[in-house]
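Please read the structure below before turning to the comments.
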């Protein structure tokens with residue numbers, strides 16, 4: 001049997017191989033000849049022949065471009081199992097169906113075929129319709145650029161990429177050699193707005209993309225404005241002038257100044273597009289001035305009325321700036337006031353909360369010990385009652401007298417309070433000696449009496465009978 005690929009493809013001018021393999025039988029048959037043929041309109045045209053006795057022969061018009069790939073085919077004792085042929089410099093006319101035929105003995109003829117497709121890459125070209133496009137007064141669309149994909153096989157697809165508000169017109173032309181030329185025109189209304197705009201043509205061929213761009217050159221007549229008069233020309237002002245600005249393509253070739261109130265003032269000096277007024281401003285220069293600008297397409301004009309005042313005045317823009325500055329300052333003041341009020345309310349709230357707090361209910365003041373450990377094995381003695389109940393409206397001084405008047409504590413409690421005040425003073429002033437002496441007295445007192453009486457410095461009793469030190473919390 002003969003083994004071949006069903007299809008092959010190549011581009012014009014390139015090289016392509018058409019494989020052909022013979023699979024012999026067992027026992028093998030004898031190969032008498034191998035013939036490559038091109039199928040043209042139903043008839044077979046010989047391309048190349050390999051014969052063991054007669055050698056290799058390539059026929060016209062393929063002789064200069066077709067050869068057998070395997071060198072063993074051209075030997076004196078050839079091997080014809082692989083008779084692949086190679087096409088060089090491929091042409092569009094090479095596209096066809098090719099047959100590889102083996103003549104064997106005693107099995108007879110065996111053949112197979114392959115379809116060869118030839119592609120042609122197109123030539124992409126983009127151009128402006130004319131070197132210069134003149135903007136018209138009417139809203140009529142015209143062709144501004146053309147994109148051509150010539151002699152492609154298969155045909156290309158052309159699209160446009162641009163910000164312009166235009167449209168495209170595309171047509172395909174079939175050529176005699178089987179290729180296709182695609183032409184696409186881009187139409188838009190020419191105007192000064194599209195001058196220098198970029199226009200890109202995208203040609204898609206198979207899976208490949210080609211791009212080309214042009215920049216539009218639109219010619220239009222001048223559009224003129226006059227600058228220089230700020231509305232604040234006053235008597236004796238120096239260095240004033242009027243400038244004629246023109247947007248045009250091509251550029252302005254001529255500027256002309258006119259004074260509608262008569263001839264130009266004697267102090268006016270013409271310098272192309274600038275009208276300079278020498279010396280101080282006088283009432284003589286007041287009036288209407290016109291600037292005419294001309295290019296090869298047409299002319300454009302603009303006018304300005306100059307008013308001279310006796311005294312300078314602030315322009316409206318300055319007044320607006322002052323108003324804006326006032327608004328900004330006013331807003332800043334309002335924001336600052338609101339922020340200050342919020343801070344004040346927060347401080348008042350925290351202060352009132354602190355004043356209403358009656359102490360930490362989990363902290364109790366040990367008057368006699370003040371945090372020191374109890375002394376062990378001391379003689380018992382009477383102690384103050386652990387549960388002291390007072391009415392809410394009782395006097396704080398009476399509560400203190402009740403504790404201080406006890407026969408057990410007596411003057412010792414008064415001595416403790418004196419020492420406690422000394423400890424605070426020692427902490428603040430750094431008098432360590434005073435602090436140590438006071439601490440010694442407290443421990444001695446504990447040892448003497450051996451009982452820790454829970455009495456608050458502020459003497460605030462609780463429902464459970466305990467007394468909370470408000471002073472300790474604040475310290």
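In full-length UniProt numbering, the protein residues as written are 1 to 475. Where is the CB? At the ideal position from N, CA and C, for every residue including glycine.
The three-state reading of DSSP puts residue 155 in coil, since its state is none of H, G, I, E or B. If you draw a straight line from the Cα of residue 76 to the Cα of residue 53, it comes to about 8 Å.
According to the DSSP secondary-structure assignment, residue 329 is paired through a beta bridge with no residue. The bridge partners DSSP lists for residue 114 are 98. Under DSSP, residue 132 forms no beta bridge with any residue.
Nearest in C-alpha terms to residue 227, of all of 46, 130, 199, 306, is 306. The three-state reading of DSSP puts residue 53 in coil, since its state is none of H, G, I, E or B. Remark: C-beta atoms of residue 154 and residue 182 do not approach each other more closely than 8 Å. Counting only the Cα atoms, residue 159 lies some 12 Å from residue 205. The continuous beta strand (DSSP E) containing residue 37 extends over residues 30–40. Assigned with DSSP and collapsed to three states, residue 297 falls in coil, not helix or strand. Taken atom to atom, the span from the alpha-carbon of residue 279 to that of residue 131 is near 48 Å. Residue 168 holds the alpha-carbon nearest to the alpha-carbon of residue 188 among 168, 203, 176. Here residue 219 is buried. Its C-beta has 16 or more other C-beta atoms within 10 Å.
Taking residue 141 as the centre and dropping the five residues before and after it, the same chain places the C-beta of 166, 167, 187, 188, 189 closer than 8 Å to its C-beta, in chain order. The region 325–332 and the region 284–298 do not touch, with fewer than 3 CB-CB distances between them shorter than 8 Å. Taking a cut-off of 8 Å for Cβ pairs, the region 1–13 and the region 45–52 do not touch, as fewer than three such pairs fall below it. For residue 10, the enclosing beta strand (DSSP E) begins and ends at 7–11. Apart from the 5 residues on each side of it in sequence, residue 23 sits with its Cβ closer than 7 Å to the Cβ of 1, 3 in its chain, given in chain order. Bounds of the beta strand (DSSP E) holding residue 212 are 208–215.
Here the alpha carbon of residue 7 sits roughly 8 Å from the alpha carbon of residue 117. Taking residue 30 as reference, the option from 71, 11, 109, 57 with the minimal CA-CA separation is 109. Of the other Cβ atoms in all chains shown, fewer than 16 fall within 10 Å of the Cβ of residue 342; this residue is therefore exposed.
For the pair residue 216 and residue 200, the Cα-to-Cα distance works out to about 11 Å. Per the DSSP secondary-structure output, residue 184 pairs in a beta bridge with 147, 170.
Taking a 10 Å sphere around the C-beta of residue 337, we find fewer than 16 other C-beta atoms and assign the residue as exposed.
With a contact defined as Cβ atoms closer than 8 Å, residue 47 and residue 62 qualify at about 5 Å. Within the same chain, Cβ atoms closer than 8 Å to the Cβ of residue 237 are found at 280, 281, 312, the five residues on either side in sequence being excluded. Taking C-beta separations shorter than 8 Å and ignoring five residues to either side along the sequence, the partners of residue 69 in its chain run 17, 82, 84, 85, 86, following chain order. If you draw a 10 Å sphere on the C-beta of residue 300, you find 16 or more other C-beta atoms in it, and that means buried.
No Cβ-Cβ contact shorter than 8 Å links residue 143 with residue 156. By the CB criterion at 8 Å, residue 225 and residue 245 fall inside the cutoff.
Non-local C-beta neighbours of residue 252 in its own chain, meaning closer than 8 Å and more than five positions away in sequence, comprise 222, 246, 273, 293, 294, 295, ordered along the chain.
Taking 8 Å as the upper bound for CB-CB distance, residue 66 and residue 58 are in contact here, some 5 Å apart. Burial is judged here by how many other beta carbons sit within 10 angstroms of a residue's own beta carbon; residue 248 has at least 16 and is buried.
Straight across, the Cα-Cα distance linking residue 113 with residue 198 is about 51 Å.
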